[in-house]
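Residue numbers (our numbering): 1 to 234. Heads up, the beta-carbon is just placed ideally off N, CA and C, and yes, glycines get one too. The next block holds one structure in the form of structure tokens; read it before the comments.
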């Protein structure tokens, strides 16, 4: 029995690491699936990208606020989103490593949010830097220099996720108002407009959320600066 206990103790870390890796791989595959769905959507809609406005309503890529109990577990709102017909399942909207719950309502049905500069012109009225940076509502607009490297959707932290809009203020007025998830060994997953997906580690010591609040993130935070670099272009 003692030998078995020792073997279990030796193997357990490796087993846990394998489980963590498997969830990350599954999350990346889901983001690739969502990314492909956005490309097919544009092909079926005269090149228009799936809508991602700041305002809520029926014309959105995904419905429901993960902050409201009645919506956070409501798969009907996922199905009503413009992207759902191109995904056809609710599973890909939820990160396998996301165990967060909305108060007493149970597991949230969605873990991802979309780049605020893609899918609408909303940032043109929000960000003071709007005259310098581009928004994208058609796939043809993504043909400009540098746009192929932009991110599309990301795993968002449970303390900030609400609608499907991941706010990035290029004028640094609200660094990490939408905070990336930390579910993948202090890292998050994101996909890009060219279809691939990656895992990014949060390396700045101030990139951390604990409890039900978060500290002020500096505009010099290295993780914030890195995300900004692939959010939009001039």
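Since residue i contacts residue j with CB under 8 Å, what's their CB separation in whole angstroms?
i	j	result
residue 183	residue 97	4 Å
residue 150	residue 60	With a Cβ gap of about 20 Å, residue 150 and residue 60 do not count as contacting.
residue 95	residue 155	5 Å
residue 49	residue 146	Actually they are not in contact, since the Cβ atoms of residue 49 and residue 146 sit about 17 Å apart, beyond 8 Å.
residue 206	residue 218	7 Å
residue 57	residue 81	Contact flag wrong, Cβ pair sits at about 11 Å.
residue 78	residue 41	About 15 Å separates the two Cβ atoms, so there is no contact after all.
residue 233	residue 144	6 Å
residue 111	residue 181	7 Å
residue 53	residue 125	Contact doesn't hold; Cβ gap of about 11 Å is too wide.
residue 87	residue 5	Not confirmed; about 45 Å, so no contact.
residue 35	residue 140	Between residue 140 and residue 35 the Cβ distance is about 18 Å, and since that is not below 8 Å, they are no contact.
residue 127	residue 169	5 Å
residue 55	residue 109	The pair is not a contact, with the Cβ atoms about 21 Å apart (cut-off 8 Å).
Any idea what DSSP makes of residue i, helix, strand or coil?
i	result
residue 136	strand
residue 20	helix
residue 48	strand
residue 166	strand
residue 13	helix
residue 107	strand
residue 161	coil
residue 92	helix
residue 2	helix
residue 54	coil
residue 221	coil
residue 142	helix
residue 147	helix
residue 26	helix
residue 185	coil
residue 227	helix
residue 42	helix
residue 36	helix
residue 173	coil
residue 202	coil
Which partner residues of residue i appear in the DSSP bridge assignment?
i	result
residue 154	113 and 190
residue 197	191
residue 180	156
residue 101	107
residue 118	136
Are at least three pairs of beta-carbons, each pair with one atom in the stretch 101-119 and one in the stretch 61-77, less than 8 Å apart?
-> The answer is yes - the stretch 61-77 touches the stretch 101-119, with three or more Cβ pairs under 8 Å.
Any chance you could list the alpha helix (DSSP H) runs of at least 4 consecutive residues sitting entirely within the stretch 57-90, in chain order?
-> Unbroken alpha helix (DSSP H) runs of no fewer than 4 residues, entirely contained in the stretch 57-90, are found at 69-72 and 75-80, following chain order.
Report yes or no: do three or more beta-carbon pairs, one from the stretch 106-118 and one from the stretch 145-165, lie closer than 8 Å?
-> Result yes; three or more Cβ-Cβ pairs closer than 8 Å.
contact_flag[the stretch 132-149, the stretch 26-37] where n(CB pairs < 8 Å) is 3 or more = A contact between stretches requires three or more CB pairs, one per stretch, nearer than 8 Å, and the stretch 132-149 fails this requirement with the stretch 26-37.
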